[in-house]
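For reference, the structure discussed in these notes is given below.
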RNA sequence: GGAGAGAUGGCCGAGUAGGUCGAAGGCGCUCGCCUGCUAAGCGAGUAUACUGGGAAACCGGUAUCGAGGGUUCGAAUCCCUCUCUCUCCGCCA
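Numbering (this note's numbering), first residue to last: 116 to 537.
What follows is the structure in C-alpha cells.
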C-alpha cells in the first residue's frame, strides 16, 4: 500500500510511475475521496471537541437540573457527529479499498517495458549440457523411472496434482533438507515452520488480497486460505509489531507447500511438474532497514543462486521490467533454470524488494533508537528455491543415455549415498 | 463440542455504584545530577495513528484500555455480538 499523504503530495508522479506498469489508476477519484475525508474529519472532530468540553462542564455542575439546557444541546451535537461519522466511514472504506488495490511504484532501477519481452538478462551461469541423444522432458524420465505418477495424482485429486514415488519422493525431501541446511547453516537464516493456512488479514498484509482472491484456495465454513507461498505467513509473523533496530536485518527461511488455483492459465504447462496446484518451496524472507534493502536484495538473490551453483545446474538471472512486475514489488529478479527437455530457461525463483509496501499494509515497523519514531521496515523475499522445479531441472539436466539420472554430489548424503536413480 | 476465567501503554499491573483516566504504581528505556572507576541513589522525560497551523522547532484537535455495535450530555468502567488466551470435561495426532 502506498502512503495516502505521499500520493496526495505527488499525484502526477505517482500516476506516471504507475502507468509504466500498464495500469491506469483512478487518481481523480482518490483526490475527491481524500479531500472529502479530511473535510468530514474536521467537521466531526470540531463537534467532538465541543462535546468533550461541555461534557466536562456538565460534570462539574452538582445540580444536574442546572445543566438541562446544555445536555439537550449536546444531545443534538451527538446526532450531528453521528451523521458526519457515518458518511466518513463510507468515504474511508472506499478510500481504503482504493489504496489496497493500487500496486507498488516500480523502483527507478526497474527497466521500463510493455511486456515480459522487455525483461533484461542480468547474467548467465553454467554451461549448457551437451547430449549425444535427444534429451527427454522430465515427465517422460520420471514416469519411466517410476518416480513420478501423474495419472494417479489426477485420480487422487485432479489435474495438476502429482504423486511422487520412491526415489522421487526421497529426492524432493532431500532437496528441501539440502536447501534448508544451506540457508540456515551457511547463510544464517532462521528457520520458520508456519501454519499452511492463514486468515484474511495476513493475505491482505502481503498483497494477495483484496485483488487476487480468485487465485487462492479458500476453506469452506471458516475464513481461512491455503497459502500460495510461505511469503504470506512468514512476512506476517511481525504484522503489527515494532521491531528493534538491533535485531535487523531479520532473515528467515521457511519450507512450506504452496497452493495456487492457477486461474487463467488453463492451457499452459499442462504436462509435468512445472505448474501444479500444490508444490513445495523453500522461501527466504527478510525484514531490513530501508537504507539497506537493495543491498539485501542482492544478497538474497545470491543466496538463492547458490543453490543452483552447488547443484551445478545452469541458470540465468533476469530483472523484470515494469510491465511484468508483481503487484507488491518495486523490483524483482527472476532466476531461470535451464531445462534441456524443453530447450528453454524456466523460472525457478523470484526475488523481490517490496520496500515499505507490505510493511505499511501489515504495519511492520522498527525504531532506529529507543526514542526515535517508528519507521516502516522494508520487506523482501525470494524462492530459495521452488523445490518441484528444481527436481525437474535435476531430472532433465542429469539424465543419462541409459535413462538413469545422476544425483548431484551435494544431494547424495541426503539420498542415503545414492549416486543414480534408475 | 460442554463449563468457567480473562484480554489495560515496551513489559508487569491498578482502576468497574459511568465524569477530575491517555489512564496510578512498578520495571525497562532516554537525558541530566551525584558517586574516584560497569552498583546504588536523585531529578526530568518516555504510546500510536489521523488531522489543523508552522519553513522548522513546535503548538492545537480527535481517536485508541482485544474487535465491532448500543445506551448516555459523557464509557476502560453499563448492555449486545465476535475474536483470542487460560483452566476443567469430552474427543483426538
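We treat Cβ as the ideally placed atom computed from N, Cα and C, and that holds for glycine.
Within the stretch 156–197, not a single complete beta strand (DSSP E) segment reaches 3 residues in length.
Residue 307 is bridged by DSSP to 369. Between residue 320 and residue 354 a beta carbon distance of about 5 Å is seen, short of the 8 Å cut, so the two are scored as contacting. Rounded to the nearest angstrom, the gap between the Cα atoms of residue 159 and residue 152 is 11 Å.
Looking at the backbone, the Cα of residue 323 and that of residue 143 are separated by about 25 Å.
Residue 209 holds the alpha-carbon nearest to the alpha-carbon of residue 119 among 276, 239, 209.
Sixteen is the threshold: since fewer than 16 other Cβ atoms of the shown chains lie within 10 Å of the Cβ of residue 379, the residue is exposed. Listed in chain order, the non-local C-beta contacts of residue 489 below 6 Å within the same chain comprise 357, 480, 482, local neighbours out to five positions each way being set aside. For residue 476, the enclosing alpha helix (DSSP H) begins and ends at 472–477. Put simply, the backbone Cα of residue 493 is about 7 Å away from that of residue 468. Each residue's CA atom was taken as its position, placing residue 154 and residue 164 some 16 Å apart. When Cβ pairs closer than 8 Å are counted between the two stretches, the stretch 253–271 is seen not to touch the stretch 322–339, the count staying below three. Between residue 135 and residue 437, the C-beta gap is smaller than 7 Å, which places the two residues in contact.
For residue 275, there is no enclosing alpha helix (DSSP H), as DSSP marks it with neither H nor E.
Each residue's CA atom was taken as its position, placing residue 237 and residue 247 some 30 Å apart. For residue 431, the enclosing beta strand (DSSP E) begins and ends at 430–434. For residue 489, the pairing in a beta bridge is given by DSSP as 482.
DSSP places residue 291 within a helical segment (H, G or I) once states are collapsed to three. In the DSSP assignment, residue 358 forms a beta bridge with 481.
A check of alpha carbon separations from residue 535 across 285, 352, 207, 202 identifies 285 as the nearest. Under the three-state reduction of DSSP, residue 533 is assigned to coil, being neither helix nor strand. Contact between the stretch 390–398 and the stretch 367–374 is present: three or more C-beta pairs spanning the two stretches fall below 8 Å.
For residue 437, the secondary structure class from DSSP, reduced to helix, strand or coil, is coil. Residue 190 has its alpha-carbon roughly 16 Å from the corresponding atom of residue 181. The beta carbons of residue 257 and residue 281 sit about 11 Å from each other, so the pair does not count as a contact at 8 Å. With contacts defined as CB atoms closer than 7 Å, residue 503 and residue 419 fail to qualify as a contacting pair. In this structure, the straight-line span from the alpha carbon of residue 188 to that of residue 207 is close to 28 Å. Looking at the DSSP output, residue 426 bridges to nothing. Residue 451 counts as buried, since no fewer than 16 other beta carbons sit within 10 angstroms of its beta carbon. Counting only the Cα atoms, residue 166 lies some 11 Å from residue 194.
Here residue 312 has 334, 339, 340, 341, 342 as same chain residues with Cβ atoms under 8 Å from its own Cβ, once five neighbours each way along the sequence are excluded.
Secondary structure at residue 331: coil, using DSSP grouped into helix, strand and coil.
Residue pairing by DSSP leaves residue 143 without any beta bridge partner. When secondary structure is reduced to three states using DSSP, residue 494 falls in the strand class. Per the C-alpha coordinates, the member of 455, 506, 221 positioned closest to residue 526 is 506. For residue 447, the enclosing beta strand (DSSP E) stretches over residues 446–454.
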